[in-house]
Every structure is written in C-alpha cells, then in structure tokens.
Amino acid sequence: IRAFTPAQKLEAYEKQQGVCPICEEKFTLAEMEADHITPWHLGGKTLIENCQMLCKECNRRKSGK
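In short: position in the sequence shown from 1, add 5, done, that's my numbering.
Pasting the structure below:
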C-alpha cells in the first residue's frame, strides 16, 4: 500500500505540530500532504515511522512534480 491512511496523516501532523520540516512554516492539515521519508521507490514502507507531512509546495519540489 502506497498511500498513508487519514489516521497516519493526522498522527504525523500532530507530532510535527503542523510545521513543515522543510520550510519550517506552520500549515493546516488540509494544506499539507503525506510524504515517505524514505521514498517508496527505494523501499520505504507506508508506516507512521516513515511518514512526514509536508506543505504542498515543498512536497512538489521534493518529488519533482
């Protein structure tokens, strides 16, 4: 499974206190996206330990989309 569950996203968001770890800005949950810390294509698992919430802009920049 590649997509994080809503519960995993909320847990990561709360752990980060709504702060994007890349730009260090604060966002609402709706303004953020779940990201694999170790990328999926490199064997990163879809587990809470490998989940971070990034703002949409940083997530796009990180993934090259």
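In this text, a Cβ means the ideal position worked out from N, Cα and C, and glycines have one as well. All values reported here derive from a predicted model rather than from experimental measurement.
Distance check for residue 15 and residue 51, CA to CA, integer angstroms please. If you number the sequence shown from 1, residue 51 lands on position 46. If you number the sequence shown from 1, residue 15 lands on position 10. Roughly 14 Å separates the two Cα atoms.
Would you tell me roughly how many angstroms separate the C-alpha atoms of residue 32 and residue 10, rounded to the nearest one? What you label residue 32 is simply residue 27 of the sequence shown in a count that begins at 1. What you label residue 10 is simply residue 5 of the sequence shown in a count that begins at 1. So the alpha carbons of these two residues sit roughly 19 Å apart.
The beta strand (DSSP E) enclosing residue 57, as first and last residue numbers: As a first step, residue 57 is located in the sequence shown; it is residue number 52 there, counting from the start. Where residue 57 is concerned, the enclosing beta strand (DSSP E) stretches over 56-60.
Since residue 53 contacts residue 13 with CB under 8 Å, what's their CB separation in whole angstroms? On the sequence shown, residue 53 is found 48 positions in, with the first residue counted as 1. On the sequence shown, residue 13 is found 8 positions in, with the first residue counted as 1. Correct: roughly 5 Å between the Cβ atoms.
Which two residues bound the contiguous beta strand (DSSP E) that contains residue 39? The count along the sequence shown starts at 1 and reaches residue 39 at position 34. Run containing residue 39: 37-41, per the beta strand (DSSP E) assignment.
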